[in-house]
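Colleague: Attaching a single structure in structure tokens format; questions to follow.
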């Protein structure tokens, strides 16, 4: 999958260094993936991913310390990062519209 944009993750982990390793691991796994639909994502990430409307996915990262919201265009094999933040920051957003 093509992930847009790694820079968003980097900016976040620069202010939250403990997030760097789990985000780099997530980026690496997703970058090598070939998701054709939600079942492929669920098979890869199991209970650490949730699905909301408009092909948006919510990942629990770093032992649920961080949340990552992405939009997936399965047909184009693209993942667009919409939000990355702490669990507390995530509680203040609407993952379906962020």
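Numbering (my numbering), first residue to last: 3 to 100. Even for Gly, the Cβ is constructed at its ideal location relative to N, Cα and C.
#1: With distances taken between CB atoms, is the gap from residue 61 to residue 88 smaller than 9 Å?
#2: Which two residues bound the contiguous alpha helix (DSSP H) that contains residue 13?
#3: Just tell me which of 42, 16, 20 and 23 has its CA closest to the CA of residue 3.
#4: Just list the alpha helix (DSSP H) runs in the region 40 to 91, keeping only unbroken ones of 4 residues or longer that don't cross its boundaries, in chain order.
#5: Given residue 10, which residues of its chain have a CB within under 7 Å of its CB, disregarding the five upstream and five downstream residues?
#6: What are the partner residues of residue 4, as DSSP defines its beta bridges?
#7: Using 10 angstroms around the beta-carbon of residue 100, count the other beta-carbons present and answer buried if the total reaches 16, otherwise exposed.
Modeller: Concretely, from the data shown:
#1: Taking the chain shown and counting its residues from 1, one reaches residue 61 at position 59. Taking the chain shown and counting its residues from 1, one reaches residue 88 at position 86. Not in contact: residue 61 and residue 88 (Cβ atoms no closer than 9 Å).
#2: Taking the chain shown and counting its residues from 1, the one referred to as residue 13 is at position 11. Element bounds for residue 13: 8 to 17.
#3: For the purposes of this step, residue 3 is taken as the residue at position 1 of the chain shown. With distances taken between Cα atoms, residue 3 lies closest to 42.
#4: 40 to 47
#5: As a first step, residue 10 is located in the chain shown; it is residue number 8 there, counting from the start. The residues are 83 and 86.
#6: The residue labelled residue 4 in the question sits at position 2 within the chain shown. Beta-bridge pairing links residue 4 to 80.
#7: Looking up residue 100 in the chain shown gives position 98. So residue 100 ends up on the exposed side.
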